[in-house]
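Below is one structure, written out as structure tokens, with a few remarks after it.
Residue numbers (this note's numbering): 13 to 337.
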């Protein structure tokens, strides 16, 4: 009945009881070419349907986040704020209308420009860019050279940048308020030089996870209570010795792992890594710690941007497809 359909389509009901939006694949940026789509299951998903060749000058785009609908070919251009030349990153957020799913008419973009300034773009007749400034207090000295290369992850409504030279502190941006602040991680989890060895990821279970490389050992730390500041709330969830775990994989050389390996990218599902001696990409599944070498995603040495189908799905009207007499 129509009343039941309205109940099960309500975002609050879906968040508590409903299935999650299906993950169908990831977009990768190939060097010198347009973004490529790698399906999660080539047998079940036709990757050609998710091509971005409908975008003007599609070969010149870098993916910041998903801001178009590849299945319908719809996209929206956004005028960039030219006064800000340097940016920390741009991120897609849910729209202002919480009762509607994200679509081309209901989304926001959060752009972080420096240590204290962010802007939010909203759709709609009264939308556009809105400037948000933050006053960060405390004894932490933030470097003026902070850039997108310091980005270490996005999890549970918060975006993280590492602060080079700091043992425990990270710069954080709250997605709901667009305000910057700093956070402290336990010394056992972080390191003064975080580039290539640390990532912060979240999950639908609300758990905050820190992925670390320590002497070529991949460790995953988890905090079950994201709102807690107690160091004891962190626990070692999984660990894996990379030199031993990669033995026997195609292309594995004895000279690998004499130096610390590097994290190329990471998300809630897997970590993409390479030895420092040579670009030899392999991935580790976070739920099983299984090592993969021949997976299609291991061909691209860059960040992976997941794509999920819109949920709840929009059901087509059969009479419209047949045509009205």
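Even for Gly, the Cβ is constructed at its ideal location relative to N, Cα and C.
Every value quoted in this text rests on a predicted model; they were computed, and no experiment measured them.
1. Is there contact here, the segment 120 to 127 with the segment 180 to 197, by at least three beta-carbon pairs under 8 Å?
2. Closest to residue 219 by C-alpha separation, out of 59, 136 and 169, would be which residue?
3. Can you tell me the Cα-Cα spacing of residue 236 and residue 69, whole angstroms?
4. How would you call residue 291, buried or exposed, if buried means at least 16 neighbouring beta carbons within 10 angstroms?
5. Are residue 306 and residue 273 close, meaning C-beta to C-beta below 7 Å?
6. DSSP state of residue 122, grouped into three classes?
7. Residue 132 bridges to which residues according to DSSP?
8. For residue 225, which residues from the same chain have a beta carbon less than 7 Å from its beta carbon, with the 5 sequence-adjacent residues on both sides left out?
9. Name, in chain order, the residues that DSSP records as bridge partners for residue 235.
10. For residue 287, tell me which candidate among 278, 15 and 254 has the shortest Cα-Cα distance.
11. Using DSSP's beta-bridge definition, name the partner residues of residue 163.
12. In chain order, what residues of the same chain have a beta carbon less than 8 Å from the beta carbon of residue 105, not counting five sequence neighbours either side?
13. Pop quiz: residue 222 and residue 197 are said to be a contact at Cβ under 8 Å. What is the actual Cβ separation, rounded to whole angstroms?
14. Answer yes or no: do residue 318 and residue 38 have a C-beta to C-beta separation smaller than 7 Å?
15. Can you give me the C-alpha to C-alpha distance between residue 108 and residue 270, rounded to a whole angstrom?
16. Indicate whether residue 171 and residue 185 have their beta-carbon atoms separated by less than 7 Å.
17. For residue 57, I'd like the list of residues in its chain whose CB is within less than 8 Å of its CB, leaving aside the five on either flank, ordered along the chain.
Considering the structure as presented:
1. Output reads yes: the segment 180 to 197 touches the segment 120 to 127.
2. As a position in the chain shown, residue 219 is number 207, starting the count at 1. Taking only the C-alpha atoms, the option nearest residue 219 is 169.
3. As a working mapping, residue 236 is identified with position 224 in the chain shown. As a working mapping, residue 69 is identified with position 57 in the chain shown. About 44 Å.
4. As a position in the chain shown, residue 291 is number 279, starting the count at 1. If you draw a 10 Å sphere on the C-beta of residue 291, you find fewer than 16 other C-beta atoms in it, and that means exposed.
5. For the purposes of this step, residue 306 is identified with residue 294 of the chain shown, where counting begins at 1. For the purposes of this step, residue 273 is identified with residue 261 of the chain shown, where counting begins at 1. No. Outside cutoff.
6. Within the chain shown, residue 122 is the residue found at index 110, counting from 1. If DSSP states are grouped into helix, strand and coil, residue 122 belongs with the strands.
7. Your numbering for residue 132 matches position 120 in the chain shown. DSSP lists 122 and 142 as partners of residue 132.
8. Translated into positions along the chain shown, residue 225 becomes position 213. Counting only Cβ-Cβ distances below 7 Å, and skipping sequence neighbours, we find 209, 272, 273 and 275.
9. Residue 235 sits at position 223 when you count from the first residue of the chain shown. DSSP links residue 235 through a beta bridge to 220 and 246.
10. Stepping through the chain shown from its first residue, residue 287 is reached at position 275. Checking every option, the nearest Cα to that of residue 287 belongs to 254.
11. For the purposes of this step, residue 163 is identified with residue 151 of the chain shown, where counting begins at 1. For residue 163, which the question treats as bridged, DSSP gives the partners 173.
12. Taking the chain shown and counting its residues from 1, one reaches residue 105 at position 93. So the qualifying residues of the chain are 119, 120, 121, 122, 132 and 187.
13. One-based indexing of the chain shown puts residue 222 at position 210. One-based indexing of the chain shown puts residue 197 at position 185. About 7 Å separates the beta carbons of residue 222 and residue 197, which is inside the 8 Å limit, making them a contact pair.
14. Here residue 318 corresponds to residue number 306 of the chain shown, with the count starting at 1. Here residue 38 corresponds to residue number 26 of the chain shown, with the count starting at 1. Going by beta carbons, residue 318 and residue 38 fall inside the 7 Å limit.
15. Start at 1 with the first residue of the chain shown, and residue 108 comes out as number 96. Start at 1 with the first residue of the chain shown, and residue 270 comes out as number 258. Taken atom to atom, the span from the alpha-carbon of residue 108 to that of residue 270 is near 50 Å.
16. Position 159 of the chain shown, counted from the first residue, corresponds to residue 171. Position 173 of the chain shown, counted from the first residue, corresponds to residue 185. Note that the C-beta distance between residue 171 and residue 185 is below 7 Å.
17. Counted from its first residue, the chain shown places residue 57 at position 45. A distance below 8 Å between beta-carbons, with the five flanking residues on each side excluded, links residue 57 to the following residues of its chain, in chain order: 36, 37 and 51.
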